Amino acid sequence: MQILSGYLNTTIHLACELLRKGEIVAFPTETVYGLGADALNGYAVAKVFEIKKRPRFDPIIVHVSDMEWVKKIVKEVPFEAKRIMEKFWPGPLTIVLEKNEKIPDIVTAGLKTVAIRMPSHPVAKNLISSFGRPIAAPSANPFGYISPTKASHVAKILKDKVPLIIDGGDSFFGLESTVISVNGDKILIYRFGAVTAEELSQFGEIVPVFDKMRRPLSPGQLPYHYAPHKPLKIIESPEEIENPSSSFLAFTEPRHPVNAKYVLVLTKSGDLREAASNFFSHLIELDREDVDIIYAQKVPEVGLGRAIMERLRKAEKKWG
Ligand code: TXA
Ligand code: MG
68 MQILSGYLNT TIHLACELLR KGEIVAFPTE TVYGLGADAL NGYAVAKVFE
118 IKKRPRFDPI IVHVSDMEWV KKIVKEVPFE AKRIMEKFWP GPLTIVLEKN
168 EKIPDIVTAG LKTVAIRMPS HPVAKNLISS FGRPIAAPSA NPFGYISPTK
218 ASHVAKILKD KVPLIIDGGD SFFGLESTVI SVNGDKILIY RFGAVTAEEL
268 SQFGEIVPVF DKMRRPLSPG QLPYHYAPHK PLKIIESPEE IENPSSSFLA
318 FTEPRHPVNA KYVLVLTKSG DLREAASNFF SHLIELDRED VDIIYAQKVP
368 EVGLGRAIME RLRKAEKKWG
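Position in the sequence shown (first residue = 1) + 67 = the working numbering.
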């Protein structure tokens, strides 16, 4: 692991090379440091979850350096959202919009929406525009820790987990971005952050998204968080399939013919990263009108396998 100054061209060059290879790079933003991966490479994004040791998949923010990329990854940019972007971007505001197929499903944890932010930190801006593609990045802390605001924080907590930490000095805000979505003249706030509700209120009616306990909702709890429409059953092996009018989500290639209409394999080689990067898109594809049930094969509960199993159990429980 190396820590290099983000104000050197050689550092940005190296970072882009690593990102292109699907590696993870920690980089500074004006809010907190982020753990960046090529947002269009699902396998690279799976690594981010692995490094963060998240017990589940949470949707990740996609960082862009210009509006052109926003247009390339969403269905549309509503007029009201555009006004807010013009006012607060680049800066610590994240806007949730309907995504298109360019964004891998693992980035959004199966949601149809993607959270987008255009950071103002000069190093982040330079990194994203030099890379030439959007960068998906959660805060660079392991799950449950506070977010890092200095390169040295990242170095301490992530040690040898990333090949490069780009040092861009202390994060100016030291607090994560505000996450919103815009619905006509309403602004839904999913996470309060560096842009205040007061500042946003000139652009619409503020609607904080709370659950019944008056706690802010985490995405795992959001009502629209992805769960399949068809019932899901977790099984050990394809021999347990009882209903042939079904789909089967296999962990690795089944050894015998499978008694299901549709079969998709998460990973040929048993690689959990590959499995994670295919998980949401395969599940969405298997959730079809013409099946009664989705059978999902257990995956080993280590590393990313735990996050996959957590999602599967949730989906199974919905129907159990
Ligand atoms: O300031 C920040 O936002 C930092 C820097 C690195 O940009 N990033 C950050 O990422 O805090 P993370 O992963 O720690 O938090 C992302 C937040 C989570 O609260 C997540 O629920 C929300 O964004 N989020 C992401 N995608 C979403 C979506 N499609 N709908 C609703 N909320 C979403
Ligand atoms: Mg975070």
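We put the beta carbon where it would ideally sit given N, CA and C, even for glycine.
Quick caveat: nothing in here was measured; it's all calculated off a predicted structure.
(request) Return yes when the C-beta of G236 is under 7 Å from any heavy atom of ligand 1, and no when it is not. (result) Counted from its first residue, the sequence shown places residue 236 at position 169. Flag unset: Cβ of G236 not near ligand 1.
(message) What does the alpha-carbon distance come out to for the pair E352 and Y74?
(response) The residue labelled residue 352 in the question sits at position 285 within the sequence shown. The residue labelled residue 74 in the question sits at position 7 within the sequence shown. Taking the straight line joining both Cα atoms gives about 44 Å.
(message) Measuring straight from C-alpha to C-alpha, what distance separates P324 and S244?
(response) Position 257 of the sequence shown, counted from the start, is the residue given in the question as residue 324. Position 177 of the sequence shown, counted from the start, is the residue given in the question as residue 244. Rounded to whole angstroms, P324 and S244 show a C-alpha spacing of 49 Å.
(request) Counting only the same chain and skipping the five closest in sequence on each side, list residues whose C-beta sits under 8 Å from that of L81. (result) As a first step, residue 81 must be located in the sequence shown, where it is residue number 14. Excluding its 5 nearest sequence neighbours in each direction, L81 has C-beta neighbours in its own chain below 8 Å: L71 and L231, listed in chain order.
(message) Can you find the residues in the same chain that come closer than 7 Å, C-beta to C-beta, to G89, ignoring five residues on each side of it along the sequence?
(response) To locate residue 89, count along the sequence shown from 1; it is residue 22. For G89, where only same-chain residues beyond five positions count, the Cβ hits under 7 Å are D105, N108, Y110 and A111.
(request) Could you tell me whether the region 143 to 161 touches the region 373 to 387, where touching means 3 or more Cβ pairs closer than 8 Å? (result) Short answer: they don't touch.
(message) If I measure Cβ to Cβ from S344 and keep anything under 6 Å in the same chain, skipping five residues before and after, which residues do I get?
(response) As a working mapping, residue 344 is identified with position 277 in the sequence shown. Sequence-distant partners of S344 (beyond 5 residues in either direction) whose C-beta falls short of 6 Å from its own C-beta, in its chain, are G109, Y110, A113 and I173.
(message) Using the three-state DSSP reduction, which class does N193 fall into: helix, strand or coil?
(response) Position 126 of the sequence shown, counted from the first residue, corresponds to residue 193. N193 falls in the helix class under three-state DSSP.
(request) Reducing DSSP to helix, strand and coil, say where S313 ends up. (result) Numbered from 1 along the sequence shown, position 246 holds the residue referred to as residue 313. Strand at S313.
(request) Can you have a look at I213 and say buried or exposed, based on whether 16 or more other CB atoms are within 10 angstroms of its CB? (result) Working through the sequence shown from its first residue, we reach residue 213 at position 146. Residue burial is scored here from C-beta neighbours: I213 has fewer than 16 other C-beta atoms within 10 angstroms and is therefore classed as exposed.
(message) If you measure between the beta carbons of V369 and I375, is that distance less than 8 Å?
(response) Numbered from 1 along the sequence shown, position 302 holds the residue referred to as residue 369. Numbered from 1 along the sequence shown, position 308 holds the residue referred to as residue 375. No, Cβ-Cβ distance for V369 and I375 is not below 8 Å.
(request) Jot down the residue ranges of each uninterrupted alpha helix (DSSP H) in the region 207 to 286, minimum 4 residues, whole runs only, in chain order. (result) As for any alpha helix (DSSP H) of minimum length 4 sitting wholly inside the region 207 to 286, the runs are 218 to 225 and 264 to 268, ordered along the chain.
(message) Between which residues of its own chain and L339 is the CB-CB distance below 6 Å, once the five residues before and five after are set aside?
(response) Within the sequence shown, residue 339 is the residue found at index 272, counting from 1. The beta carbon of L339 is closer than 6 Å to those of G370, L371 and G372 in its chain, skipping five residues each way along the sequence.
(message) Beta-carbon within less than 8 Å of F210's beta-carbon, same chain only, minus the 5 sequence neighbours each way: which residues are those?
(response) Translated into the one-based positions of the sequence shown, residue 210 becomes position 143. Once the five neighbours on either side are set aside, the close Cβ partners of F210 are K119, K120, R121 and P122.
(request) Use the C-beta contact count for H349: other C-beta atoms within 10 angstroms, 16 or more gives buried, fewer gives exposed. (result) Stepping through the sequence shown from its first residue, residue 349 is reached at position 282. Buried is the label assigned to H349, since at least 16 other Cβ atoms lie within 10 Å of its Cβ.
(request) Could you work out which residue in A203, D237 and F315 is closest to S219 when comparing CA atoms only? (result) Translated into positions along the sequence shown, residue 219 becomes position 152. Relative to S219, the option among A203, D237 and F315 whose CA is nearest is D237.
(request) Check whether the Cβ atoms of G101 and S197 sit closer than 8 Å, and answer yes or no. (result) Taking the sequence shown and counting its residues from 1, the one referred to as residue 101 is at position 34. Taking the sequence shown and counting its residues from 1, the one referred to as residue 197 is at position 130. 8 Å or more divides the Cβ of G101 from the Cβ of S197.
(request) Let me know the secondary structure DSSP gives Y362 once reduced to three states. (result) For the purposes of this step, residue 362 is identified with residue 295 of the sequence shown, where counting begins at 1. DSSP places Y362 in strand when its eight states are reduced to three.
(request) Please determine if the region 306 to 317 and the region 138 to 145 are in contact, where contact requires at least 3 C-beta pairs separated by less than 8 Å. (result) Contact between the region 306 to 317 and the region 138 to 145 is absent, with fewer than three C-beta pairs closer than 8 Å.
(request) Check whether the Cβ atoms of R184 and I128 sit closer than 8 Å, and answer yes or no. (result) Residue 184 sits at position 117 when you count from the first residue of the sequence shown. Residue 128 sits at position 61 when you count from the first residue of the sequence shown. Contact: yes.
(message) At the level of alpha carbons, what is the spacing between A93 and K300?
(response) Looking up residue 93 in the sequence shown gives position 26. Looking up residue 300 in the sequence shown gives position 233. Near 38 Å, if we compare the C-alpha coordinates of K300 and A93.
(message) Tell me the rounded alpha-carbon separation between K154 and D125.
(response) As a position in the sequence shown, residue 154 is number 87, starting the count at 1. As a position in the sequence shown, residue 125 is number 58, starting the count at 1. Within the model, the alpha-carbon separation for K154 versus D125 is close to 27 Å.
(request) For the region 99 to 138, list the alpha helix (DSSP H) runs that are entirely contained and at least 4 residues long, ordered along the chain. (result) 109 to 119, all fully within the region 99 to 138.
(message) Please list the terminal residues of the continuous beta strand (DSSP E) segment that includes S304.
(response) As a position in the sequence shown, residue 304 is number 237, starting the count at 1. If you look at S304, you'll find it isn't in any beta strand (DSSP E); DSSP assigns it neither H nor E.
(request) Say yes only if the C-beta of P205 is nearer than 7 Å to one or more non-hydrogen atoms of ligand 2, and no if none qualify. (result) Position 138 of the sequence shown, counted from the first residue, corresponds to residue 205. Yes, the Cβ of P205 comes within 7 Å of a heavy atom of ligand 2.
(request) Would you mind sorting D252 into buried or exposed? The rule is 16 or more other CB atoms within 10 Å of its CB. (result) As a first step, residue 252 must be located in the sequence shown, where it is residue number 185. It is exposed - the Cβ of D252 has fewer than 16 other Cβ atoms within 10 Å.
(message) Here's a check: name, in chain order, each residue in its chain whose Cβ is nearer than 7 Å to the Cβ of L242, leaving out the five neighbours to either side.
(response) If you number the sequence shown from 1, residue 242 lands on position 175. Taking L242 as the centre and dropping the five residues before and after it, the same chain places the C-beta of T98, G260 and A261 closer than 7 Å to its C-beta, in chain order.
(request) Just tell me which of Q69, N208 and I361 has its CA closest to the CA of V330. (result) Within the sequence shown, the letter at position 263 stands for residue 330. That would be I361, whose Cα lies nearest to the Cα of V330.
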